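Colleague:
Protein chains: 2
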Amino acid sequence: MHTQDEDVATAHVAKRALAVVNDDKHVEAYYMGWHEAQSNPYDAVQNPGGCIQLGLSENTLSLDLLDDWFSTHSTAPALELENVLNFKAIAGYPDVYHGLLIFRNLMANFMNELYGGAVSFDPEKMVITTGATSAIEILAFCLADPGDVFLVPAPYYPGFERDIRFRSQVDLVPVPSFSSDGFAVTRAALEQAFEDAVSRGRKVKAVLMTSPSNPLGMTYSRDQLSVILDFIGQKDMHLICDEIYAGSVFGTTEFISIAELVMPPRVDPNRVHIIYGLSKVLGIPGFRVGLLYSWNSLVLDAAKKLTRFSSVPTLTQQILISLLSDTHFLRLFLSENLKRLQQRWRLVSHGLQEAGLEFVNCTAGFFCWVNIGKVASVQTKEQELELWSKLLHVEGLNVTPGSACQCSEPGLWMSAQFTLSAAELAHDNLSLLALDLSASDDPTQDPTLPRTQPFVRVWQKSTDGPIPLVRVNCHSSSTGDAEIIDSIKAGKKFELFPGNDSFTCTFVWMGTDRMLASQHFVIYSPPKKQDVLMMPFYCRLCLWTFDHTGFDLYNNATKSYVQAHNWLLSSIS
Amino acid sequence: MHTQDEDVATAHVAKRALAVVNDDKHVEAYYMGWHEAQSNPYDAVQNPGGCIQLGLSENTLSLDLLDDWFSTHSTAPALELENVLNFKAIAGYPDVYHGLLIFRNLMANFMNELYGGAVSFDPEKMVITTGATSAIEILAFCLADPGDVFLVPAPYYPGFERDIRFRSQVDLVPVPSFSSDGFAVTRAALEQAFEDAVSRGRKVKAVLMTSPSNPLGMTYSRDQLSVILDFIGQKDMHLICDEIYAGSVFGTTEFISIAELVMPPRVDPNRVHIIYGLSKVLGIPGFRVGLLYSWNSLVLDAAKKLTRFSSVPTLTQQILISLLSDTHFLRLFLSENLKRLQQRWRLVSHGLQEAGLEFVNCTAGFFCWVNIGKVASVQTKEQELELWSKLLHVEGLNVTPGSACQCSEPGLWMSAQFTLSAAELAHDNLSLLALDLSASDDPTQDPTLPRTQPFVRVWQKSTDGPIPLVRVNCHSSSTGDAEIIDSIKAGKKFELFPGNDSFTCTFVWMGTDRMLASQHFVIYSPPKKQDVLMMPFYCRLCLWTFDHTGFDLYNNATKSYVQAHNWLLSSIS
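Each protein sequence line maps, in turn, to chains A and B. Residue 1 is where the first sequence starts when you use full-length UniProt numbering, and the numbers rise one by one after that. Residue 1 is where the second sequence starts when you use full-length UniProt numbering, and the numbers rise one by one after that.
Structure (structure tokens):
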């Protein structure tokens with residue numbers, strides 16, 4: 001008999017379970033970083049030294065709009081839990097596991113509008129799943145048998161490794177692309193990857209791509225998509241096009257859905273499958289709503305049956321039925337969300353430019369693809385991971401190393417999210433670490449940058465002068481906080497105290513009924529125009545202490561800053 | 001190039017996808033019946049000739065209690081969507097996919113109490129999934145590789161075929177049991193099934209069982225469980241014990257969790273895995289909340305990772321956190337639900353006895369295992385399916401044929417649910433069809449029984465006299481309905497009109513704001529005691545027109561009947 005519990009456990013589970021436990025090929029860093037960010041999360045008050053998560057593609061920029069909608073629509077039929085009809089509909093077995101017809105209808109309408117009317121989606125070709133993750137896995141199951149291969153234009157989303165290999169046991173083969181030609185997917189690279197796999201005795205069943213690209217943040221042109229479509233047609237393959245970032249294209253490039261090009265005889269529609277979901281476009285990954293869209297009736301039949309393992313609760317669907325029915329709100333939301341993404345990207349790209357970093361001028365998604373290696377003298381995968389580890393463990397920033405995305409230029413690129421609240425300053429930190437490393441002869445020396453230093457340095461860099469007459473007082477635990485809380489409760493959220501020779505600005509971040517953090521900014525000496533123009537830096541400094549739970553106050557804080565800014569300008573002129 | 005779309009579709013999908021589409025081994029009838037019940041659902045008003053679903057194990061008997069709770073707790077923190085903190089918590093990525101720690105804690109507490117304190121569940125050994133279906137599939141994936149075998153005591157839940165074969169490609173081998181010894185699982189039958197599988201070159205990895213049993217509705221004794229535990233230990237196997245009906249034991253037999261017996265050295269805890277969920281105990285399958293519980297750290301590690309495909313939305317968890325925190329309510333709910341199950345089973349078993357049908361005296365679950373074949377001269381699987389098809393297509397009743405449960409006595413047994421609203425009368429119908437068939441020399445002759453006839457016959461059988469002086473007037477489209485609606489809106493839901501020589505009782509079933517159905521019952525001649533005592537039959541006749549959407553009014557209707565009953569009794573005496 002066995003004596004060691006662990007031995008017994010190991011001996012008796014399936015080989016495929018051991019693979020799931022032990023094997024995160026090539027993407028260890030991605031999940032290690034994620035785990036670190038989860039187990040030691042940054043919090044302005046509770047854990048200011050914690051890890052800031054820039055490795056998770058989540059957009060919280062417009063959650064306030066959705067929150068408003070839910071607040072004002074809490075009486076919508078689907079949310080009225082006291083209504084017995086609805087409760088019974090919510091509690092009972094659903095008629096189908098692949099999504100209520102009315103929900104699929106509304107999703108189709110939503111996508112039709114989102115896609116600019118260029119295509120018309122049919123709810124009967126749609127299978128709703130527990131997030132896009134599950135839709136991808138189901139497609140992998142349906143299109144390939146264990147050991148078969150998908151070709152994936154690299155750099156690609158590290159999560160595909162788990163999505164595809166874990167349960168469906170399909171292998172991924174990267175199709176390399178290069179910065180020198182803008183990371184284009186070429187026919188030559190596709191052919192090469194295909195031939196390599198075939199020569200190893202593998203069956204290549206599909207090309208899997210994200211469009212717009214994650215992590216590049218780029219859209220694909222009609223020509224690019226045509227190259228891929230022609231390739232899969234001629235090689236007797238499928239194309240899985242993950243369009244989860246359709247609806248998050250904030251730049252000037254055009255998004256072309258693969259659905260626009262699916263026309264026989266050029267391509268057999270049976271070969272093309274689209275992934276979509278609400279996690280990115282609405283910023284609600286916690287709702288776990290994804291879908292697969294296919295023209296292939298066999299794939300649809302199998303997928304519908306497989307949703308018994310991955311169905312979306314009726315309650316979730318009912319709530320989203322209410323939301324998707326409000327097309328007026330959705331139009332406003334989508335437009336405002338893109339504006340906010342634009343603004344955020346403008347800020348971040350400006351910072352990256354200032355730092356002299358190379359980056360892809362992204363037009364879609366919530367992340368940027370930054371060449372941090374070049375300035376930091378990093379040229380190998382090992383050096384990249386060393387720098388990545390330093391960022392994670394010393395600076396408390398989790399980004400995604402290019403190697404986890406199978407980037408074909410090892411040691412150069414990293415992906416970092418820019419849509420979380422703390423992201424802007426973190427990006428500065430990231431930039432400045434790179435500057436720091438590049439400035440230093442020995443990159444291993446003095447790697448620790450206090451979190452406040454970068455701003456001082458940005459200041460110095462942008463003004464080319466001394467540190468201005470600014471004092472930052474953090475009184476988060478002072479007795480004065482009680483007064484601030486009272487004034488907030490009385491409706492005076494942000495107060496400006498003009499004085500004779502100083503200007504004080506207090507920023508407060510609130511939870512439900514307690515203050516999460518406050519900061520008093522005091523500018524000594526009568527303000528000069530130059531100081532006022534520098535205020536955005538303070539603003540970004542404030543963001544530094546700003547955590548997820550206080551997001552809704554960001555806009556108020558910004559408004560107060562604008563007021564302060566105007567007041568200062570008027571008092572100077 | 002290919003010309004036929006269908007050919008291309010077939011040629012290019014994975015073998016396993018084709019298997020999912022085409023292969024429902026042995027359980028075609030189960031899913032065919034389900035499909036029929038879905039596509040042509042019975043509705044008292046809209047579709048009175050539709051199919052009544054008795055093949056789905058759903059308990060709606062106590063939904064009114066949960067509905068009340070949700071109505072009075074709509075201000076619970078988790079439901080306050082206007083609260084920005086909660087909305088953000090609901091919208092964002094969850095920290096873990098396998099269930100929030102607080103939710104797992106509450107589930108553990110709930111189960112500890114439900115199991116009578118006999119075991120203590122550890123939230124760290126718990127993995128929350130999209131329904132128990134998904135938990136079963138994940139366990140199959142983790143414990144066996146494709147082509148391996150699970151032994152399953154038969155008769156068993158037909159859904160296991162899809163749960164286990166579909167994605168994990170593990171085969172199920174029935175372990176036969178017989179009515180002659182109360183369907184006991186014997187060591188001899190386990191050994192035989194094991195040897196047979198091994199001789200066919202298969203690896204037998206686990207025994208999979210439901211405890212309490214679905215479809216038998218029986219609990220297992222400590223001795224029975226020990227036989228199985230000893231067997232899996234000696235054969236180097238796992239045990240998956242699906243305890244989803246724990247908490248639905250309404251009879252006098254004791255439920256013993258397998259967790260009570262998991263103690264080394266008798267059995268290595270690494271080999272035992274429990275399935276649970278809220279679909280049955282709370283009657284909320286639409287919430288899609290299941291779990292697996294394991295002592296095996298490798299299984300837990302793999303399962304946690306696999307929940308990326310089958311996670312429960314944060315919103316669902318938050319709502320259930322509120323519910324599970326209200327232990328006072330839950331105690332009342334569980335106790336009342338068992339009472340209602342008892343009452344319902346008393347009625348149904350009484351009807352079955354009257355009809356002279358053999359059945360298992362079930363003490364758990366929502367279904368009964370009825371020997372319909374004996375009286376209906378059905379002795380083969382083919383005859384069983386013929387009778388089943390007649391019930392489905394002529395009588396509009398979907399039950400589960402024994403052969404879909406791999407019953408080792410083909411042609412004899414059927415499983416039928418008794419917890420749906422329309423179930424009681426449907427059972428009468430079922431019983432009487434059997435009587436009808438057994439009375440006829442040629443069972444294929446005159447198979448059509450009008451739906452009203454059975455009640456007349458039950459009446460005749462129980463009174464052994466003529467049909468009483470009862471007239472049933474259905475005025476569902478008369479102008480009088482408007483008045484009834486008005487009186488309901490005014491709060492007078494059920495009116496009794498005592499008259500000189502007649503008694504009128506009006507029953508109304510309401511949707512949100514419109515009447516679904518109404519019936520006026522007029523009893524002519526001064527009521528005699530005998531007539532009054534017959535009233536339960538009218539009550540059951542009313543149930544006939546009672547559909548799912550009007551369930552909440554059942555209790556009110558019953559109360560009115562009791563009032564009428566008392567009034568009549570007092571006027572006679």
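Think of the CB as a built atom: it goes at the ideal place given N, C-alpha and C, for glycine as much as any other residue. All figures in this text were calculated on a predicted structure; none of them were measured in a lab.
1. Between the Cα of Gly-241/A and the Cα atoms of Gly-251/A, Phe-250/A, Gln-234/A, Tyr-220/A, which residue gives the shortest distance?
2. Taking three-plus beta-carbon pairs below 8 angstroms as touching, is the segment 262-277 of chain B in contact with the segment 146-163 of chain B?
3. Pop quiz: Gly-396/A and Gly-50/A are said to be a contact at Cβ under 8 angstroms. What is the actual Cβ separation, rounded to whole angstroms?
4. Give me the DSSP bridge partner(s) of Leu-300/A.
5. Look at the Cβ atom of Ala-303/A, then the Cβ atom of Leu-292/A, and state whether they are nearer than 7 angstroms.
6. Indicate the three-state DSSP secondary structure (helix, strand or coil) for Asn-112/B in the structure shown.
7. Taking the beta strand (DSSP E) that Cys-142/A falls in, what are its first and last residues?
8. Quick check for students: name the residue ranges of the alpha helix (DSSP H) that lie wholly in the segment 358-403 of chain B, counting only runs of 4 or more.
9. One question on the structure: do Ile-274/A and Glu-254/A come within less than 7 angstroms of each other, judged by their Cβ atoms?
10. Please decide whether Ser-211/B counts as near chain A, where near means a Cβ-Cβ distance under 7 angstroms.
11. Does the CB of Leu-352/A have a neighbour CB from chain B at under 7 angstroms?
12. Would Val-399/B pass as a contact of Leu-56/B if the rule is Cβ separation under 7 angstroms?
13. Applying the criterion that 16 or more other CB atoms from any shown protein chain within 10 Å of the CB defines a buried residue, is Asp-95/A buried or exposed?
14. Please confirm whether Val-378/A and Leu-387/A have their CB atoms less than 7 angstroms apart.
15. Is there a Cβ from chain A that is less than 7 angstroms from the Cβ of Trp-509/B?
16. By the 7 angstroms beta-carbon criterion, what residues does the segment 91-105 of chain B contribute toward chain A?
17. Compute the beta-carbon to beta-carbon distance between Pro-285/B and Glu-58/B, rounded to the nearest angstrom, for a pair I have assumed lies under 8 angstroms.
18. Can you grab the Cα-Cα spacing for the pair Gln-460/B / Arg-346/B, in whole Å?
19. So, does the segment 166-173 of chain B touch the segment 213-227 of chain B, judging by three or more C-beta pairs under 8 angstroms?
20. Using alpha carbons as the reference points, say which of Glu-137/B, Gly-217/B, Leu-278/B lies closest to Glu-166/B.
21. If you draw a straight line from the C-alpha of Val-394/B to the C-alpha of His-26/B, how long is it?
22. Quick check on the DSSP output: the alpha helix (DSSP H) that includes Val-198/A runs from which residue to which?
23. Would you report the Cα separation of Pro-146/B and Asp-230/A, rounded to the nearest angstrom?
24. Report the option in Lys-280/B, Cys-405/B, Arg-340/B whose CA atom is closest to the CA atom of Leu-61/B.
25. The segment 134-159 of chain B: which residues have C-beta closer than 7 angstroms to a C-beta of chain A, in chain order?
26. Ser-134/B and Ser-279/B - do their beta-carbons sit closer together than 7 angstroms?
27. Considering just the uninterrupted stretch of the alpha helix (DSSP H) at Asp-67/A, what are its terminal residues?
28. Counting only C-beta atoms, is Leu-229/B closer than 7 angstroms to chain A at any point?
29. Leaving out five residues on either side along the sequence, give the residues of the same chain with a beta carbon under 6 angstroms from the beta carbon of residue 620/A.
30. So which residues on chain A does Val-281/B lean against when the C-beta distance must stay under 9 angstroms?
31. Please report the straight-line C-alpha distance between Ala-14/B and Ser-71/A, rounded to a whole angstrom.
32. Identify whether Gly-277/B lies in helix, strand or coil by the three-state DSSP scheme.
33. Which residue or residues does DSSP assign as beta-bridge partners of His-238/B?
34. Could you confirm whether any beta carbon from chain B is found closer than 7 angstroms to the beta carbon of Phe-309/A?
35. Check the C-beta distance from Ala-140/B over to Ser-179/B and give it rounded, since I have them as a contact under 8 angstroms.
36. Taking the beta strand (DSSP E) that Tyr-293/B falls in, what are its first and last residues?
Modeller: According to the structure data:
1. Looking at the sequence shown, residue 241/A is not Gly but Cys. It is Tyr-220/A whose Cα lies nearest to the Cα of Cys-241/A.
2. no
3. 6 angstroms
4. The partner list for Leu-300/A (beta bridge, DSSP) is empty, contrary to what the question assumes.
5. Using a Cβ distance threshold of 7 angstroms, Ala-303/A and Leu-292/A count as a contacting pair.
6. Under the three-state reduction of DSSP, Asn-112/B is assigned to helix.
7. First-last for Cys-142/A: 131-143, but that is the alpha helix (DSSP H), not the beta strand (DSSP E).
8. Fully enclosed alpha helix (DSSP H) runs of 4 or longer: 381-393.
9. no
10. False, the Cβ-Cβ gap to chain A never drops below 7 angstroms.
11. no
12. no
13. exposed
14. yes
15. Low confidence applies to Trp-509/B: its pLDDT is 35, below 50, so where it sits in the model is not reliable, and the reading given next is rough at best. Not one chain A Cβ lies under 7 angstroms of Trp-509/B.
16. Ala-91, Gly-92, Tyr-93, Pro-94, Asp-95
17. 6 angstroms
18. Low local confidence applies: a pLDDT of 35 at Gln-460/B is under 50, so the model's placement there is unreliable, with the coordinate-based value given in what follows. Between Gln-460/B and Arg-346/B, the C-alpha separation is close to 21 angstroms.
19. The segment 166-173 of chain B makes no contact with the segment 213-227 of chain B; the number of CB pairs closer than 8 angstroms stays below 3.
20. Sequence inspection shows Phe at residue 166/B; the Glu mentioned does not correspond to that position. Of the listed residues, the one whose Cα sits closest to Phe-166/B is Glu-137/B.
21. 23 angstroms
22. 187-199
23. 35 angstroms
24. Of Lys-280/B, Cys-405/B, Arg-340/B, the residue nearest in Cα terms is Arg-340/B.
25. Ser-134, Glu-137, Phe-141, Cys-142, Leu-143, Ala-144, Asp-145
26. no
27. 63-72
28. No, because no Cβ of chain A sits closer than 7 angstroms to the Cβ of Leu-229/B.
29. Nothing about residue 620/A can be reported from this structure: the residues present for chain A run from 1 to 573 only.
30. Result: empty, since nearest Cβ-Cβ is about 13 angstroms, beyond 9 angstroms.
31. 46 angstroms
32. strand
33. According to DSSP, His-238/B shares a beta bridge with Ala-206/B.
34. yes
35. No, Ala-140/B and Ser-179/B are not in contact; Cβ-Cβ is about 29 angstroms, not under 8 angstroms.
36. 289-294
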